[in-house]
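Here is the structure we will look at.
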């Protein structure tokens, strides 16, 4: 027997899969958490802006001794500090991880460190600096670093700070500020720029992947399809979310010519049709409850099917979680606990976590109403799992009936017709996970089940 069918819940198919977002406390005791990262195992690593990285177990327990403490190397205050963490794709074998911090002079540093080979919960204290980028002002340092599906390290850089990009870094292809950078940390003495970067061999900085960013406060890659999602903090009116599908080098996200899709300072700018405008945006203008976007992740976990494929983010001032649908539609939740959300993260199973700077709590994002059902809906059709045979049977249906089984991405896995309540539906090919089973009968009745397979 390959699988065991654990549970079936039913709701009327002509109702949308409703969801109510919530946050549940997972780990506590952090000071100014700014990043949550997993290293491919059950642990989470929480970055504190003051220079420490703490480890959280799968049960939410926080190790007493930091994984790494570089507080003596960094500048602090405002938007400075230890800001980013990324584990090498081959971390399990090479032990390399990378950090992004502002040094005592206020400049951005990307450095490589190694785990202690004798202690998986402790890093070696000496790192190797890969690059240092001058910062003219104290704010807009970006900070996120992540390895993309291509194995290269992506680095989100703000425009250098102050307000309104006074030095014009966003549109200057010879400046590393206001950009998405991409480097190969596995080649060269320290790193090389991949030959597919847009300015390699021509005018422009070799490290640049995309231009026209103001202050990308968190970006992430969709673990299913590799899409790059960038949350870019606005000047004073528009918060934007950019989505890059596939490998598209040299995109221009518009700043400071445009703030989101609104003109900001268009004098001398390239034509509008050469720029990539937001996939979604919202107002943070005066009078709005919103002020500054914190980027998140596309949900690819299996616990909450209704959240599948949606991008979740937050606004720092509103204490709300935002959601972007597949069509780009953007909505916000009600007010959530904690507040001052500074970072999102995912565990090895794709479940999403949120860090609150207001109370130092790391929360787990949950669907508090994963399947809204009534007694009548529960009794509409009946399905009978037979784990011993890896089959399902359906009853209370006007036969013949069509049975469709989908995975959490919406991919159709089973499409079959049943003629009677004695007809078995083979489920032996389903791996462990969450599935949705839709039954449509001969009279047009339809309902959907949540199917948990273990």
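Residue numbers (my numbering): -17 to 436.
From the three backbone atoms N, C-alpha and C, an ideal C-beta is built for every residue, glycine too.
Could you work out which residue in 44, 228, 106, 17 is closest to residue 52 when comparing CA atoms only?
Looking up residue 52 in the chain shown gives position 70. Looking at the Cα atoms, 106 is the closest of the given residues.
Beta-carbon separation (whole angstroms), residue 233 vs residue 241, contact threshold 8 Å:
Position 251 of the chain shown, counting from 1, holds the residue named residue 233. Position 259 of the chain shown, counting from 1, holds the residue named residue 241. In fact, because the Cβ distance is near 17 Å, the residues do not count as touching under 8 Å.
CA-CA distance, residue 18 and residue 161?
Sequence index remark: in the chain shown, residue 18 carries index 36 (1-based). Sequence index remark: in the chain shown, residue 161 carries index 179 (1-based). Each residue's alpha carbon lies about 22 Å from the other.
Considering only their Cβ atoms, is the gap separating residue 407 from residue 379 smaller than 7 Å?
Numbered from its first residue, the chain shown carries residue 379 at position 397. Numbered from its first residue, the chain shown carries residue 407 at position 425. No, the pair does not count as a contact, with Cβ atoms beyond the cut-off.
Applying the criterion that 16 or more other CB atoms from any shown protein chain within 10 Å of the CB defines a buried residue, is residue 429 buried or exposed?
Locating residue 429 in the chain shown gives position 447, counting from the first residue. So residue 429 counts as buried.
C-alpha distance - residue 333 paired with residue 416, whole-angstrom precision:
Within the chain shown, numbered from 1, the residue matching residue 333 stands at position 351. Within the chain shown, numbered from 1, the residue matching residue 416 stands at position 434. Cα-Cα distance, rounded: 14 Å.
Let me confirm a value: residue 358 is counted as buried when at least 16 other C-beta atoms fall within 10 Å, else exposed. Which label applies?
Reading the chain shown from its first residue, position 376 is the one you call residue 358. A caution first: residue 358 carries a pLDDT of 37, below 50, which makes its placement in the model too unreliable to give a value.
Comparing C-alpha positions only, which one of 62, 289, 94 sits nearest to residue 122?
In the chain shown, the residue the question calls residue 122 occupies position 140. When each option's Cα is compared against that of residue 122, the closest is 62.
Where residue 110 sits in the DSSP three-state scheme
The residue you call residue 110 lines up with position 128 of the chain shown. Judged by DSSP in its simplified three-state form, residue 110 adopts strand.
Which of helix, strand or coil does DSSP assign to residue 26?
Position 44 of the chain shown, counted from the start, is the residue given in the question as residue 26. Residue 26: strand per DSSP, three-state reduction.
Where do the N-terminal and C-terminal ends of the alpha helix (DSSP H) with residue 83 fall, by residue?
Along the chain shown, read from residue 1 onward, the residue named residue 83 stands at position 101. Per DSSP, residue 83 is not a residue of any alpha helix (DSSP H); the beta strand (DSSP E) it occupies stretches across 78 to 84.
Can you say whether residue 84 is buried or exposed, counting buried as having 16 or more other CB atoms within 10 angstroms of its CB?
Within the chain shown, numbered from 1, the residue matching residue 84 stands at position 102. It counts as buried.
Identify the continuous beta strand (DSSP E) that holds residue 199 and give its terminal residues.
Position 217 of the chain shown, counted from the first residue, corresponds to residue 199. Counting along the chain, the beta strand (DSSP E) containing residue 199 begins and ends at 198 to 203.
Could you say which of 411, 413, 405, 434 lies nearest to residue 419 if we only look at CA atoms?
For this step, residue 419 is matched to residue 437 along the chain shown. For the residues 411, 413, 405, 434, the minimum Cα distance to residue 419 belongs to 434.
Please confirm if the segment 312 to 324 is in contact with the segment 334 to 348, defined as three or more CB-CB distances below 8 Å between the two stretches.
yes
As an exercise, report each continuous beta strand (DSSP E) stretch of at least 3 residues that is fully enclosed by the segment 252 to 294, in chain order.
The beta strand (DSSP E) runs lying completely inside the segment 252 to 294 and spanning 3 residues or more are 262 to 265, 275 to 280, given in chain order.
State buried or exposed for residue 399, treating a residue as buried only when at least 16 other CB atoms are found within 10 Å of its CB.
On the chain shown, residue 399 is found 417 positions in, with the first residue counted as 1. That one is exposed.
Check whether the segment 189 to 203 and the segment 267 to 279 touch, using three or more Cβ-Cβ pairs below 8 Å as the test.
yes
Spatial distance of residue 184 from residue 231 (CA atoms)
Counting from one through the chain shown, the residue named residue 184 turns up at place 202. Counting from one through the chain shown, the residue named residue 231 turns up at place 249. Taking the straight line from one Cα to the other gives about 14 Å.
What beta strand (DSSP E) runs, 3 residues minimum, are completely inside the segment 86 to 172?
90 to 98, 101 to 105, 110 to 115, 127 to 129, 135 to 138, 161 to 165
Beta-carbon proximity check, residue 155 vs residue 186, cutoff 7 Å
Stepping through the chain shown from its first residue, residue 155 is reached at position 173. Stepping through the chain shown from its first residue, residue 186 is reached at position 204. Yes. Within cutoff.
Give every residue of the same chain whose Cβ lies closer than 8 Å to the Cβ of residue 130, excluding the five residues on either side of it in the sequence, and list them in chain order.
Start at 1 with the first residue of the chain shown, and residue 130 comes out as number 148. In chain order, 136, 164, 203, 208, 210 place their CB closer than 8 Å to the CB of residue 130, counting only its own chain and leaving out the 5 sequence neighbours on each side.
Check whether the segment 144 to 155 touches the segment 167 to 174, counting contact only when three or more Cβ pairs, one atom from each stretch, lie closer than 8 Å.
no
Quick check on residue 337: buried or exposed, where buried means 16 or more other Cβ atoms within 10 Å of its Cβ?
Numbered from 1 along the chain shown, position 355 holds the residue referred to as residue 337. By the neighbour-count rule (16 or more Cβ atoms within 10 Å), residue 337 is buried.
Give the secondary structure of residue 54 by DSSP, where H, G and I count as helix, E and B as strand, and everything else as coil.
Position 72 of the chain shown, counted from the start, is the residue given in the question as residue 54. Note: residue 54 maps to helix in three-state DSSP.
Just verifying my parser: in three-state terms, what is the DSSP assignment at residue 360?
Working through the chain shown from its first residue, we reach residue 360 at position 378. Residue placement at residue 360 is flagged as unreliable, the pLDDT there being 38, under the threshold of 50; the coordinate-derived value follows with that caveat. Three-state result, residue 360: helix.
According to DSSP, residue 314 sits in a beta bridge with which residue or residues?
The sequence position of residue 314 within the chain shown is 332, counting from 1. Residue 314 has 304 as its beta-bridge partners, per DSSP.
According to the Cβ coordinates, are residue 303 and residue 262 closer than 7 Å?
Here residue 303 refers to the residue found at position 321 when the chain shown is read from its first residue. Here residue 262 refers to the residue found at position 280 when the chain shown is read from its first residue. No, Cβ-Cβ distance for residue 303 and residue 262 is not below 7 Å.
Under 7 Å between C-beta atoms of residue 189 and residue 175
Here the question's residue 189 lines up with position 207 in the chain shown. Here the question's residue 175 lines up with position 193 in the chain shown. In contact: residue 189 and residue 175 (Cβ atoms closer than 7 Å).
Counterpart residues of residue 326 in DSSP-defined beta bridges
Locating residue 326 in the chain shown gives position 344, counting from the first residue. DSSP output for residue 326 lists 336 as bridge partner(s).
Measuring straight from C-alpha to C-alpha, what distance separates residue 89 and residue 118?
Taking the first residue of the chain shown as position 1, residue 89 is located at position 107. Taking the first residue of the chain shown as position 1, residue 118 is located at position 136. In a straight line, the C-alpha of residue 89 is about 8 Å away from that of residue 118.
In the DSSP assignment, the beta strand (DSSP E) including residue 344 goes from what residue to what residue?
Reading the chain shown from its first residue, position 362 is the one you call residue 344. Start and end: 344 to 349.
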